[in-house]
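Trainee:
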Amino acid sequence: MENKTVYLNGEYLPLSEAKVSVLDRGFLFGDGVYEVIPSYCGHLFHFQDHLQRLENSLAGIRLSNPHTREQWQQILSPLLDRNVDQYIYLQITRGVASKRDHAFPSDIPATVFAMCSNIVPFVGLNEGVKAISMDDTRWKFCNVKAITLLGNILHRQAAVDQGCAEALLVKNGYLIEGAASNVFAVIDSVLCTPPKGNDILPGITRDVILELARKNDIPYSEDKILFSSLQVASEIWVTSSTREIIPVVELDSKMVADGKPGPVWQVMNSIFQAYKQSLIMSEQTFFEFPCEFPVKAMGKAGIDLDLLVIEIVRRHVPDVKNDAVTTRPSKDGNFVAITVIIEASSKKQLDAIYQDLTDHPSILMAL
Ligand SMILES: Cc1ncc(COP(=O)(O)O)c(C=O)c1O
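Add 49 to a position in the sequence shown, counting from 1, and you land on the number used in my numbering.
Next comes the structure, spelled out in structure tokens:
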């Protein structure tokens with residue numbers, strides 16, 4: 050067992066020494082909720098959104114939040130490493146009662162546990178994964194991120210048993226979500242995902258993708274999806290905090306479109322990565338200016354993107370030479386990535402370049 054430092058009820062201690070009573074209601078009943086929060090280079094991704102969902106989950110099981118948002122920040126920060134991408138696992142249970150009884154005990158403190166693990170890049174991201182579909186057998190409050198995950202576990206294991214990465218759950222003929230992910234499909238060129246409600250966990254990744262689709266004029270809809278309509282889907286993705294956006298290329302042993310990750314996924318994945326990078330950048334203060342800095346932008350092939358990028362960069366760094374620019378086409382030749390090496394003088398200058406690049410309709414991502 051990796052003996053990292055974890056947090057348990059006010060203390061930081063080695064994982065091997067973190068112990069809870071067998072009378073803890075998490076152990077006896079699965080009576081608790083959890084959160085999984087990615088941290089990129091020590092920056093907690095959409096932290097306030099995760100805390101809001103935690104508050105909603107706690108309210109959903111009638112457990113009061115043991116800490117304020119500021120206290121959560123203080124509790125979790127010492128677990129983070131600025132040099133790697135990680136995720137926090139945070140769990141709150143209804144605590145340790147003196148006897149086993151279904152009804153809530155009165156006046157006992159909640160058990161609070163948090164640990165941090167490295168994010169291992171998901172194998173299969175670029176090739177896509179296989180999935181199966183299954184009738185959703187879980188309970189009626191799937192919007193609560195409850196630690197009681199037996200339904201999800203059995204679905205995911207059924208997928209793994211068939212050599213698949215995920216089970217897509219179906220209720221009354223409608224696509225719901227994955228066993229541990231939200232689901233998207235591209236149908237008639239529209240990015241579709243099921244609406245929020247008790248049937249799905251309101252994924253933070255899902256919300257970020259919808260916001261990025263809105264900002265980048267990618268047509269999308271949050272509406273019920275008939276499972277049968279997946280037969281004409283050109284793309285299917287599953288999304289979650291630790292796996293991000295994974296293309297599903299085979300469903301129930303049938304290829305999705307041509308069995309390869311599709312163009313909308315390529316674009317959204319690039320936009321998502323650039324967005325993550327921009328959040329990290331916006332928090333970073335450890336650059337020493339002036340410094341050499343690679344400005345990167347990506348767009349569709351077929352236009353003189355290099356000229357456009359250099360023109361935008363020159364608005365802020367007039368003396369950039371033409372030979373500071375490199376152009377790299379994507380594998381399929383549909384996109385092109387431009388890098389311009391500049392002598393950056395301040396973070397403000399980099400932010401302004403980034404803003405101008407992302408504002409331009411021909412630039413799909415900038416970082
Ligand atoms: C059932 C379920 N739906 C959706 C998600 C995706 O949520 P998020 O994007 O916040 O990780 C998860 C994540 O674990 C999940 O378990």
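Note that beta-carbon positions come from the ideal geometry of N, C-alpha and C, so glycine has one too.
With DSSP collapsed to three states, give me the class of Phe-335.
Mentor: For this step, residue 335 is matched to residue 286 along the sequence shown. Below a pLDDT of 50, predicted positions are generally treated as unreliable, and Phe-335, at 49, falls in that range; the measurement from the model is reported next regardless. Of the three classes helix, strand and coil, the one that applies to Phe-335 here is coil, per DSSP.
Trainee: Closer than 6 angstroms to a non-hydrogen atom of ligand 3 - does that hold for the CB of Thr-254?
Mentor: Looking for ligand 3 in the displayed structure turns up nothing; the ligands present are ligand 1.
Trainee: Does the distance between the C-beta of Glu-104 and the nearest non-hydrogen atom of ligand 1 fall short of 6 angstroms?
Mentor: The residue labelled residue 104 in the question sits at position 55 within the sequence shown. Every heavy atom of ligand 1 is 6 angstroms or more from the Cβ of Glu-104, so no.
Trainee: Looking at Ile-387 and Ala-346, is the spacing between their C-beta atoms short of 7 angstroms?
Mentor: As a working mapping, residue 346 is identified with position 297 in the sequence shown. As a working mapping, residue 387 is identified with position 338 in the sequence shown. The answer is yes: Cβ separation under 7 angstroms.
Trainee: Taking Cβ positions, are Val-85 and Ser-106 nearer each other than 7 angstroms?
Mentor: Within the sequence shown, numbered from 1, the residue matching residue 85 stands at position 36. Within the sequence shown, numbered from 1, the residue matching residue 106 stands at position 57. It is not a contact, given that the beta carbons lie outside the stated cut-off.
Trainee: How long is the line joining the alpha carbons of Thr-142 and Val-161, rounded to whole angstroms?
Mentor: Walking along the sequence shown from the start, residue 142 turns up at place 93. Walking along the sequence shown from the start, residue 161 turns up at place 112. Roughly 7 angstroms between the two C-alpha positions.
Trainee: Taking 7 angstroms as the CB-CB limit, is Pro-87 close to chain D?
Mentor: No chain D appears in this structure, which consists of one protein chain only.
Trainee: Here's the rule I'm using: 16 or more other beta-carbon atoms within 10 Å means buried, otherwise exposed. How should Gly-252 be labelled?
Mentor: As a first step, residue 252 is located in the sequence shown; it is residue number 203 there, counting from the start. It is buried - the Cβ of Gly-252 has at least 16 other Cβ atoms within 10 Å.
Trainee: Count the other C-beta atoms from every protein chain shown that fall within 10 angstroms of the C-beta of Leu-112, then say buried if there are 16 or more, exposed otherwise.
Mentor: Within the sequence shown, numbered from 1, the residue matching residue 112 stands at position 63. Buried, since its Cβ has 16 or more Cβ neighbours within 10 Å.
Trainee: Mind checking whether the beta-carbon of Ala-207 lies closer than 6 angstroms to any heavy atom of ligand 1?
Mentor: Here the question's residue 207 lines up with position 158 in the sequence shown. No - ligand 1 has no heavy atom lying nearer than 6 angstroms to the Cβ of Ala-207.
Trainee: Suppose contacts are defined by Cβ-Cβ distances below 7 angstroms. Is Gly-348 in contact with Ile-412 by that definition?
Mentor: Counting from 1 along the sequence shown, the entry for residue 348 is found at position 299. Counting from 1 along the sequence shown, the entry for residue 412 is found at position 363. In this structure, Ile-412 lies closer than 7 angstroms to Gly-348 by Cβ.
Trainee: Determine which residues share a DSSP beta bridge with Leu-250 and list them.
Mentor: Position 201 of the sequence shown, counting from 1, holds the residue named residue 250. None; Leu-250 has no bridge partner.
Trainee: Excluding the 5 residues preceding and the 5 following Glu-332 in the sequence, name in chain order all residues of the same chain whose CB lies nearer than 7 angstroms to its CB.
Mentor: Along the sequence shown, one-based indexing puts residue 332 at 283. Cβ neighbours of Glu-332 beyond the five flanking positions: His-92.
Trainee: Kindly provide the ranges of any beta strand (DSSP E) runs that are 3 or more residues long and lie completely inside the stretch 235-299, ordered along the chain.
Mentor: Those beta strand (DSSP E) runs which fall completely within the stretch 235-299 and span 3+ residues are 239-242, 269-271 and 284-289.
Trainee: Which partner residues of Asp-184 appear in the DSSP bridge assignment?
Mentor: Taking the sequence shown and counting its residues from 1, one reaches residue 184 at position 135. Answer by DSSP bridge pairing, in chain order: Val-219.
Trainee: Where Gly-59 and Trp-121 are concerned, what is the direct C-alpha to C-alpha distance, given to the nearest angstrom?
Mentor: Translated into the one-based positions of the sequence shown, residue 59 becomes position 10. Translated into the one-based positions of the sequence shown, residue 121 becomes position 72. Distance between the alpha carbons of Gly-59 and Trp-121 is about 11 angstroms.
Trainee: At what residue ranges does the stretch 330-409 contain a whole run of the alpha helix (DSSP H), taking only runs of 4 or more?
Mentor: Counting only runs of 4 or more, we get 354-365 and 396-408.
Trainee: Closest by CA to Ile-225, which one among Ala-216, Pro-243 and Gln-211?
Mentor: On the sequence shown, position 176 is the one that residue 225 refers to. The shortest Cα separation from Ile-225 among Ala-216, Pro-243 and Gln-211 belongs to Pro-243.
Trainee: Take Leu-357 as the anchor and find which of Ile-295, Pro-410, Asp-400 and Pro-312 has the nearest alpha-carbon.
Mentor: Stepping through the sequence shown from its first residue, residue 357 is reached at position 308. Out of Ile-295, Pro-410, Asp-400 and Pro-312, Pro-410 has the C-alpha closest to the C-alpha of Leu-357.
Trainee: Quick one: residues in its chain with C-beta nearer than 7 angstroms to the C-beta of Phe-335, no 5 flanking neighbours on either side, listed in chain order?
Mentor: In the sequence shown, counting from the first residue as 1, residue 335 sits at position 286. With a pLDDT of 49 at Phe-335, under the threshold of 50, the modelled position of that residue is not reliable, and the figure given next carries that caveat. If we look at Phe-335 and ignore the five residues flanking it on each side, it has no Cβ neighbours.
Trainee: Do you know offhand how far Tyr-403's Cα is from Ile-137's?
Mentor: One-based indexing of the sequence shown puts residue 403 at position 354. One-based indexing of the sequence shown puts residue 137 at position 88. Taking the straight line joining both Cα atoms gives about 29 angstroms.
Trainee: What first and last residue would you give for the beta strand (DSSP E) that runs through Asn-167?
Mentor: By one-based count along the sequence shown, residue 167 stands at place 118. Its beta strand (DSSP E) spans residues 160-167.
Trainee: Terminal residues of the continuous alpha helix (DSSP H) containing Gly-200?
Mentor: The residue labelled residue 200 in the question sits at position 151 within the sequence shown. Counting along the chain, the alpha helix (DSSP H) containing Gly-200 begins and ends at 199-210.
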